[in-house]
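*Asks:* My numbering applies: residue 326 is where the sequence shown begins, and numbers increase by one. C-beta: ideal position from N, C-alpha, C; glycine also. My questions will all concern the structure given below.
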Amino acid sequence: MNILILVLAVAVSLIVLLFFIVAFYTSLKYKFIHFRAFKETRKILIKEKNKSSYSSFLVSLAAHIGTGNIVGISTALIYGGPGSLFWMWVFTVFSSVFSLIENTVAQIYKVKIDGETRGGASFYIHQGLGNRFLAVLFSVFFLLTNTVFFQPLQVNTISESLVHVFKIDRLILMLSLFLFAYFVIFKGTERIVRFCERIVPVMSVGYIGVAVAVILANIKHFPGVLLLIIREAFNPKALFSGFSSSALIIGFKRSLFSNEAGLGTGPSVSAMAEPRKPLGQGFVQVVGVFVDTVVICSLTGFMLLLYGFDYGAFRGVDLIFRFYEEILGRFGTFLCLFFLLSFAGATVVSQYYLGESNLLFMVRKSRKKNLFITLYKLFFLLGIAIGVNLSTKEIFGFVDQGMIFLGCINLYALYRLRNDFRKEIKNYYNGENGWSIDRKTGIVYNRRR
């Protein structure tokens, strides 16, 4: 069994490394077009005031700003050291191009189901490639991911946090989470969106505010933290002392899990938006990737490194609590609890929506659609039970394998649909004075610069 686990770990690590190579090549090929995301998103959300794009942006952030931003970073420091943060940034800079492509293509192939706009990777695989088998296979993996692969980590954070603070019995916790699922998650898309619109701005701004305050209070030590991260990133011992546990691979994995760019999860949310042009929604989602990983994940890492804990003495959630207790005492305990519960809770809520969209892709024309939805809900509850009863380290094993299943299929589909993406680049910039288009790549550039 130990040999099998080792083989799986190495295989996952190799595929994640391949993801990075593909991301690097794709970014160069499209001349880093995803770096225009901030300018374009400002135009879409502020000047155009596109409410649907804003709502999908928040739901997408809810899906991605979860325990990967807090517990994921603490485990990265525990097992990969400070250098893993640097490689997390590197992976994000290049892999965010996948988010631009997948969310753009999702706008092209979305459909109406029961009066609601649905879409995502399974939809563009089926309609764009004409491959229903592969689309169904992706949907099955997605359902597994959003029930027993990704979701248990969020639930585990909720469970471990409440046990740490209140010593609550796990059975009571599990039943309470079942009730939360029934009254909030299972009551339809409108309630899910409303929940995310209320909780995401509060938790994100609050968390960033605390982190910035901590950094400013220790600003004289901050340059030393940055130097430590860079030094450890290229430390031969950290890089080569075990391939799957190296700072580089752990940084890559935590980046991929945190923002999920290229896995095909985000498009299921962004498909609900109604932008003027598909590429615009792609730009909006790229900003979400950077906010998720480069901003929030980095702030978590900076805070922890400023206080120089012995990471080997912790498992994950307990490190975060130890930090907040160190700086704010008993109040810090409850503030940390709020952040962990809100981050994990928002992700659990949005993940249900993601899985439901992929289920509806498979059964929307079936007479037994309601039965399948009920079975999906029961499977979702099973994921809650797994999250309450397993450890954080065990669950991360599920997470890494779940990522690979989705990513391999999705990147293949994005490669096959590259011409659709190029057409949308041309469509987006068509008529803008000063812009030209490369005939081979479809990439736009401004001759006046």
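Let me know the alpha helix (DSSP H) ranges lying completely inside the stretch 583 to 614, each 4 residues or longer, listed in chain order.
*Replies:* If we require 4 residues or more, the alpha helix (DSSP H) runs fully inside the stretch 583 to 614 come out as 592 to 595.
*Asks:* Less than 8 Å between the CB atoms is what I'm expecting for Phe419 and Gly576, so what's the real figure, rounded?
*Replies:* So it is not a contact: roughly 13 Å between Cβ atoms.
*Asks:* Do Val594 and Ser691 have their CB atoms nearer than 9 Å?
*Replies:* Their beta carbons are not under 9 Å apart, which means Val594 does not touch Ser691 by this criterion.
*Asks:* Just verifying my parser: in three-state terms, what is the DSSP assignment at Val509?
*Replies:* Three-state result, Val509: coil.
*Asks:* Check for me: the alpha helix (DSSP H) holding Ile776 runs from which residue to which?
*Replies:* Lying outside 326 to 774, the shown extent of the chain, residue 776 is not represented and no answer is given.
*Asks:* What separation, rounded to the nearest whole angstrom, lies between the Cα atoms of Val436 and Pro603?
*Replies:* The straight-line gap from Cα to Cα measures roughly 14 Å.
*Asks:* Report back the beta-carbon spacing between Phe608 and Thr366 to the nearest angstrom; my notes put them in contact at under 8 Å.
*Replies:* Right, their Cβ atoms sit about 5 Å apart.
*Asks:* My understanding is that Val535 touches Leu630, with C-beta atoms under 8 Å, so please give their C-beta distance in whole angstroms.
*Replies:* Contact doesn't hold; Cβ gap of about 16 Å is too wide.
*Asks:* Report the three-state DSSP secondary structure of Lys690 (helix, strand or coil).
*Replies:* In this structure, Lys690 counts as coil in the three-state DSSP scheme.
*Asks:* Use the C-beta contact count for Leu662: other C-beta atoms within 10 angstroms, 16 or more gives buried, fewer gives exposed.
*Replies:* Label assigned to Leu662: buried.
*Asks:* Between which two residues does the beta strand (DSSP E) containing Lys437 stretch?
*Replies:* Run containing Lys437: 436 to 438, per the beta strand (DSSP E) assignment.
*Asks:* What are the boundary residues of the beta strand (DSSP E) that Thr442 is part of?
*Replies:* Taken as a continuous stretch (DSSP letters only), the beta strand (DSSP E) holding Thr442 covers 441 to 443.
*Asks:* Looking at the structure shown, is Ile493 part of a helix, part of a strand, or coil, going by DSSP?
*Replies:* Coil at Ile493, not helix or strand.
*Asks:* Below 8 Å on the Cβ atoms is my guess for Gly591 versus Glu585; work out the distance and round it to an integer in Å.
*Replies:* That pair is a contact at about 6 Å.
*Asks:* Kindly indicate which three-state DSSP category Gly745 falls into: helix, strand or coil?
*Replies:* The question names Gly, but residue 745 in the sequence shown is Asp. If DSSP states are grouped into helix, strand and coil, Asp745 belongs with the helices.
*Asks:* Could you tell me whether the Cβ atoms of Leu573 and Leu581 are closer together than 9 Å?
*Replies:* Cβ atoms of Leu573 and Leu581: not closer than 9 Å.
*Asks:* Please list the terminal residues of the continuous alpha helix (DSSP H) segment that includes Ser424.
*Replies:* Note, Ser424: alpha helix (DSSP H), 408 to 433.
*Asks:* Compute the Euclidean distance between the alpha carbons of Phe730 and Tyr404, then round it to the nearest angstrom.
*Replies:* Taking the straight line joining both Cα atoms gives about 24 Å.
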